[in-house]
Every structure is written in structure tokens, then in C-alpha cells.
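Some notes on the structure that comes next.
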Amino acid sequence: MQKCPGLDLRNVRPEDIEVECPFCGEIVEIWPPSRGIKCPNCKKWVDKRGGIPSCADWCSGGEEMVRECLGEERYREWKESKQRKEGGDV
């Protein structure tokens, strides 16, 4: 099995990031190596990159690797977000 290069914690520099939740406007604080956090107000997933594609969007390992890397809940949220961006029903 391939290992995601984004999981190498030697490259992580601790730095908190404040992001506005696009769903409710709450300011959430995200610390590396997290790529996002569940908003404490509305409970939706907030990505630290906003609209910038994540590694899941361009991963050459296919959706099975993305599912394994993200876990079921985040995979489902990523899949729903991807469908919304493409204009499909969720």
C-alpha cells in the first residue's frame, strides 16, 4: 500500500489558522497537522484551505486510498462537497 506523502509529520510546522466557517460564520481555530475541524457551532466540516483543492481532489491513488486516508466520515463529507462543487445532488 502506498503511503500518503502528506502524512509525514517531519514537515509540519505548528501554526494555528483561524478560518471562518462557510456555513454559519463562526471563527474556528485549526492546528496542524489537521486539515480542518468540525465547527463547534453548526457541526459541519471546515477545511483550512477554503476553496483550495485538497490532496483528496488530485490523489492518484483513487477513491479507495482517499477513503482510507480520510476515514469514513471525512470521506463522505469530501464526496458530498465534491458533488456540490460539480453541481450534482447530494
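Mapped onto this note's numbering, the consecutive letters of the sequence shown carry residue numbers 6 to 95.
No residue lacks a Cβ here, since even glycine has one placed at the ideal position from N, Cα and C.
Sort out for me which residues DSSP pairs residue i with in a bridge.
| i | result |
| --- | --- |
| E23 | E34 |
| E52 | Looking at the sequence itself, residue 52 is Asp, so the reference to Glu does not match. D52 is bridged to G41. |
When burial is assigned at 16 or more other CB atoms within 10 Å of the CB, is residue i buried or exposed?
| i | result |
| --- | --- |
| K48 | exposed |
| D62 | exposed |
| E78 | exposed |
| D21 | exposed |
| V71 | buried |
| W36 | exposed |
| G56 | Low confidence applies here, because G56 scores a pLDDT of 49, under 50, leaving its location unreliable; read the following figure in that light. So G56 counts as exposed. |
| E23 | exposed |
Between which two residues does the alpha helix (DSSP H) holding residue i run?
| i | result |
| --- | --- |
| G67 | 67 to 75 |
| C60 | 60 to 63 |
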